[in-house]
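Below: the structure, in structure tokens.
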Amino acid sequence: MTFRQKYLYGKGPIELNAGRRTVKLTVSNTGDRAVQVGSHYHFFEVNSALSFDRQKALGMHLNIAAGTSVRIEPGGSREVELCAYGGTGRLVGFSGLLNGSLASHPARVEAVRKAIEQGFEGAQGTPDAKPRRAGKESKGSKATNEKKKGSR
């Protein structure tokens, strides 16, 4: 006798990442290859050839269904919606820019410093003392580096 597992989702629509802060950003691919970003990748640490305000992406991932991704063609731009990570706020791995807690101001400052040092497009300044809330966004300037970069 075999038992088949059943999933009951309910009758209404399912809201992804309910109650989490979100932000919309325009992302441009300055590289010469397409870049694909998965649903749970720390967006601050995505490919260095993607140009956007990385400060706003600190502690955020794509607000799309798990297991899906977004593709940005070379020379192309698109708007993406990001949402805050849940849980403890400890992020380790990815591109190695932030290896620690989002609650730690020194860890966030170090992540931005590394991004600038390693030539990540859109990395500039220092992060706020506290993580940014949705609706409290300041306008940042776009990176002016015209140099094409390859995949990272």
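The sequence shown begins at 52 in my numbering and counts up one residue at a time. C-beta atoms are modelled at their ideal positions from N, C-alpha and C, and glycine is treated no differently.
Residues 90 of the same chain have their beta carbon placed closer than 6 Å to that of residue 115, with the five preceding and five following residues left out of the count. Within the DSSP bridge table, the entry for residue 123 names 86 as partners. In this structure residue 99 does not touch residue 56 by the C-beta definition: roughly 42 Å separates them, more than the 8 Å allowed. In the displayed model, residue 112 falls within a strand according to three-state DSSP. Residue burial is scored here from C-beta neighbours: residue 105 has at least 16 other C-beta atoms within 10 angstroms and is therefore classed as buried. Residue state for residue 163 is assigned as helix, using DSSP reduced to three classes.
Around the beta carbon of residue 64, fewer than 16 other beta carbons lie within 10 angstroms, which makes this residue exposed.
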